[in-house]
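Below: the structure, in structure tokens.
2 protein chains.
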Amino acid sequence: MTQSSLIYPQIRKILSGPDAREKLQALFNDLHPHDICVLIEDIPHDEIAQIITAFGIPKGIELFEEFEDDDRKAISKFFSREWLADILEEMSPDERADFVKVLSEDRLEEVLPLVAQAERNDIKRLLQYKEDTAGSILTTEYALLPPQITVREALERLRLQAPNRETIYYIYVVDEERRLLGFVSLKDIITSPSHSLISDIMHKHVISVSVDEDKEVVAKKLADYDFLAIPVVDNDTKLVGIVTVDDVVDVVIEETTEDMLRYGAAGEHIDYMESGPLSIARQRILWLSVLVFVGFISGWVIERFAAQLQAVVALAFFIPLLSGSSGNAGTQSSTVVIRGLATGEVSIRDLSAVFKKEIVTGIIVGSGMAVLAALRAVIMNKSPLLGVTVGLAMIVAVTIAATLGALLPILFKKMKLDPALMSGPFITSIVDVITIFVYFRIAAFIFSH
Amino acid sequence: MTQSSLIYPQIRKILSGPDAREKLQALFNDLHPHDICVLIEDIPHDEIAQIITAFGIPKGIELFEEFEDDDRKAISKFFSREWLADILEEMSPDERADFVKVLSEDRLEEVLPLVAQAERNDIKRLLQYKEDTAGSILTTEYALLPPQITVREALERLRLQAPNRETIYYIYVVDEERRLLGFVSLKDIITSPSHSLISDIMHKHVISVSVDEDKEVVAKKLADYDFLAIPVVDNDTKLVGIVTVDDVVDVVIEETTEDMLRYGAAGEHIDYMESGPLSIARQRILWLSVLVFVGFISGWVIERFAAQLQAVVALAFFIPLLSGSSGNAGTQSSTVVIRGLATGEVSIRDLSAVFKKEIVTGIIVGSGMAVLAALRAVIMNKSPLLGVTVGLAMIVAVTIAATLGALLPILFKKMKLDPALMSGPFITSIVDVITIFVYFRIAAFIFSH
């Protein structure tokens with residue numbers, strides 16, 4: 043509330059009086075819409091709707107585009123049908139596509155007849171693209187040129203196109219059937235002689251993506267080539283839109299959030315600060331319950347060795363240490379590999395190399411930890427046998443943990459699943475069962491000889 | 043080796059014969075440098091150096107810029123002093139700044155005298171900026187205009203500046219002392235009448251960052267405002283460079299990798315596939331060893347309750363379940379909060395709201411898990427007392443774990459430390475000690491009554 047509370051009384055006064063639009067514009071001067079959004083995002087949604095409406099076209103729509111999906115949905119409930127139709131017509135197509143998806147079907151049906159034909163068709167087409175594909179993040183407001191015109195003519199056309207194009211810095215050259223022939227940058231055009239033909243200065247080797255391509259792949263491609271935008275083509279190689287670099291940053295952040303929450307077994311991404319404990323609990327309980335059953339298995343393994351434990355109760359003192367250590371080793375290697383798979387540093391072809399690497403790494407770190415653990419057993423518990431048991435178990439458990447932690451995500455990826463689904467809690471729980479079994483098996487062997 | 047091995051024999055033949063440059067250019071046709079890099083990145087560094095040198099200026103330098111720091115360092119060892127000097131002169135300034143940092147001091151001293159005065163000064167200045175600041179990722183090749191010229195004159199100047207500017211799509215307007223007065227986009231210039239003055243069409247409200255600003259903050263600002271570039275100013279508000287959006291994507295990916303590895307207690311980022319087990323072990327052993335000592339504390343807690351355990355050996359069966367469950371709950375809440383702090387969804391002001399949220403969430407999920415655990419104790423171990431003990435311990439431990447997992451990262455951030463340093467393994471280990479203490483304390487109370 044801090045930001046909003048300062049300015050809120052003033053806004054209320056303006057909204058309830060005459061000339062709201064002029065006064066609001068004076069109040070916010072020439073602030074960037076993002077800054078206005080930050081200033082007003084915490085005030086009630088009905089009043090945000092009033093502010094946006096008062097700002098009118100285009101400033102109100104630029105402001106509306108700054109809000110998150112959830113807020114947009116809540117704010118739009120207070121819009122009149124006519125104003126909602128205006129918004130749908132004037133929003134940039136990629137933002138519109140996102141917004142339309144959060145509107146209820148009833149509301150959409152009610153407002154669509156008021157939307158101009160061209161935008162209505164655009165909305166219908168964009169709704170067909172599958173979630174998380176290039177189609178879902180593309181914009182149809184790109185600059186186009188035919189090949190057989192001069193640089194001078196091109197500049198004239200761009201002047202006309204500029205006001206309603208997402209970017210005019212990359213311009214795509216197409217034939218009559220919208221098949222992609224090449225692209226030119228505005229820099230190319232500015233620096234070429236005015237009588238040159240576009241077809242002579244354009245880059246003919248165009249890197250494009252298909253509408254069905256995963257948006258994460260699109261983001262990676264744009265980033266790899268340092269492009270400002272990448273063209274999106276359909277199955278007939280016809281241009282259907284472009285994805286711009288500003289959307290890529292959002293995609294990267296969003297996908298990382300998804301990955302991290304999956305890795306933390308924390309469920310889907312919901313607005314944490316806005317959600318009550320019940321919704322948060324619902325996100326978390328599934329994995330926690332599944333892992334309770336894995337915990338039962340660990341308990342059952344100890345139960346099988348109850349006689350052993352009864353005889354040497356000190357064995358129990360080392361259960362948390364061994365479980366914890368192997369869990370930590372598994373978390374380390376799985377984090378490295380999951381992140382490596384996401385950035386491309388590790389690929390599924392590396393399976394056997396990773397296997398060898400982790401076995402040796404596991405033996406090295408496991409041995410170091412084994413010395414510490416064994417010393418503790420010998421010094422504090424005065425039991426060399428216990429020392430040997432704990433030390434051996436540590437090496438074996440840590441090695442298995444490091445190896446499994448690294449291999450399971452790669453295997454998941456091989457099976458076309460998200461490697462991050464192989465969560466830290468899942469890996470530590472699985473490794474726990476193995477660790478306890480190894481520990482008591484070694485104990486049974488050593489103490490019975 | 044897959045990509046490179048196909049083309050490698052051909053490259054060797056070209057490099058050993060005459061007209062290497064022409065033949066290489068024919069071989070790679072008009073491939074994007076990124077694609078050439080992917081094709082040749084696995085062949086020996088001395089031969090990559092030969093290819094880059096054969097390509098000459100500017101194509102060889104564009105290709106060199108595609109490689110990662112480690113590779114650049116290895117490749118540059120095979121460059122002649124003269125060619126290295128050429129590279130330092132011709133690279134884009136932000137890439138050059140990164141590259142200079144991986145060169146040894148000896149090598150740099152040897153080559154700097156051969157570099158032209160302007161670039162030498164630029165290198166020396168960029169070397170002064172601290173790591174991870176805006177200064178470390180800025181480029182000095184930005185387009186500049188004075189305020190009192192017309193759009194027509196501006197276009198003429200941009201034509202001249204364009205070839206060696208990182209971007210001419212945002213142009214900064216400065217006074218004689220390089221103080222930032224405003225900015226115009228090339229789109230503004232294209233769409234304005236040719237006799238307009240730049241000072242009349244420029245945006246006067248410029249959003250800029252300071253050279254000392256954390257690069258993560260710079261990235262976030264650029265992304266929030268959907269800019270293609272952001273100006274960087276010194277303490278006198280003089281323009282010293284710009285940060286472009288393509289670098290932001292790299293910063294976001296890099297910072298995320300750092301965060302995830304810290305959270306996984308997996309040490310600093312090293313090239314995993316290129317590193318041997320000893321280097322990997324070195325990254326991991328520190329945290330593992332520290333946590334071994336935390337594991338000793340858990341063991342010591344059990345030791346204090348040895349009599350209890352001796353009397354009711356079945357208590358041991360539930361140690362892995364309780365430790366695991368509370369660890370998982372702590373991992374979930376810490377993941378959500380650490381990611382929330384990174385994206386701005388959670389802030390340090392939210393401490394008490396998070397506290398309340400997690401206590402209630404912990405009680406809800408803990409109760410659900412308690413029922414499962416208690417049922418297991420009652421049905422399989424036929425002990426209602428054990429059921430009550432395990433159930434109560436589960437609720438208390440999970441609630442403490444969820445709360446601590448969420449609060450510790452916020453407290454770290456409050457102390458100006460990276461919240462991700464509060465790693466998953468660290469949280470589960472701390473929570474483990476508490477869980478075991480709570481469990482045996484409850485057991486001692488219940489079984490002695």
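Residue numbers (my numbering), protein chains in the order written: chain W, 43 to 491; chain A, 43 to 491. Positions of the beta carbon are idealized from the N, C-alpha and C atoms, including for glycine. This one's a predicted model, so the numbers in the text were calculated from it and none came from an experiment.
Residues near residue i by beta carbon distance below 8 Å, same chain, minus five either side
i               : result
R221 of chain A : D278, T279, K280, L281
I361 of chain A : I344, I478, Y481
L228 of chain W : L200, I210, Y211, Y212, I213
I99 of chain W  : D128, E132
K262 of chain A : G386
Local conformation of residue i per DSSP, three classes
i               : result
L187 of chain W : strand
T182 of chain W : coil
I312 of chain A : coil
P51 of chain A  : helix
H87 of chain W  : helix
K280 of chain A : strand
I249 of chain A : coil
I421 of chain W : helix
A158 of chain A : coil
M43 of chain A  : Any reading at M43 of chain A is ruled out, since the residue's pLDDT is 41, under 50, leaving its predicted position unreliable.
P60 of chain W  : coil
D140 of chain W : helix
A485 of chain A : helix
K458 of chain W : coil
Straight-line gap, residue i to residue j (C-alpha atoms, nearest Å)
i               : j               : result
H87 of chain W  : T181 of chain A : 42 Å
P135 of chain A : K143 of chain A : 12 Å
D217 of chain A : V290 of chain A : 28 Å
G224 of chain W : H247 of chain W : 7 Å
Y50 of chain W  : I82 of chain W  : 8 Å
A349 of chain W : V355 of chain A : 9 Å
V332 of chain A : M464 of chain A : 13 Å
S250 of chain A : T445 of chain A : 38 Å
D292 of chain W : A91 of chain A  : 36 Å
V475 of chain A : V336 of chain A : 8 Å
G283 of chain W : E183 of chain W : 7 Å
A462 of chain A : I322 of chain W : 21 Å
L428 of chain A : L417 of chain A : 10 Å
G369 of chain W : P467 of chain W : 9 Å
I243 of chain W : R207 of chain W : 22 Å
V440 of chain A : K119 of chain W : 39 Å
L145 of chain W : L239 of chain W : 46 Å
V153 of chain A : R123 of chain A : 6 Å
Residue(s) in a DSSP beta bridge with residue i
i               : result
S227 of chain W : W:Y212
T175 of chain A : A:D256
S285 of chain A : It is Val, not Ser, that sits at residue 285 of chain A in the sequence shown. Answer by DSSP bridge pairing, in chain order: A:I272.
R221 of chain W : W:K280
T192 of chain A : A:L239
Own chain residues within Cβ distance below 6 Å of residue i, not counting five before or after
i               : result
M43 of chain A  : Unreliable positioning characterises M43 of chain A in this predicted model, as indicated by a pLDDT of 41, which lies under 50. A coordinate reading is not provided.
S375 of chain W : E400, A444, G447, A448
L393 of chain W : I452
T95 of chain W  : W125
Chain D contact residues for residue i, given Cβ-Cβ distances below 8 Å
i               : result
S367 of chain A : This model lacks chain D altogether, as its protein chains are W and A.
Check: residue i C-beta below 6 Å from any heavy atom of the ligand FAD
i               : result
V275 of chain A : Only the bare structure without any ligand can be found here, which leaves the ligand FAD out of the picture.
Other residues of its chain near residue i: CB distance less than 7 Å, five sequence neighbours each side excluded
i               : result
G59 of chain W  : none
T431 of chain W : I484, A485, I488
L197 of chain A : I231
D112 of chain A : D313
A265 of chain W : V290
I103 of chain A : I129, E132, M133
A435 of chain A : L364, V480, Y481, I484
Q52 of chain W  : L69
Y37 of chain A  : The shown model of chain A, from 43 to 491, leaves out residue 37 of chain A, and the question about it has no answer.
E300 of chain W : H311
According to a CB-to-CB cut-off of less than 7 Å, which residues of the stretch 216-229 of chain W neighbour chain A?
L228, K229
Would you list, in chain order, the members of the stretch 250-282 of chain A that have their beta-carbon closer than 7 Å to a beta-carbon of chain W?
A265, D266, Y267, D268, L270
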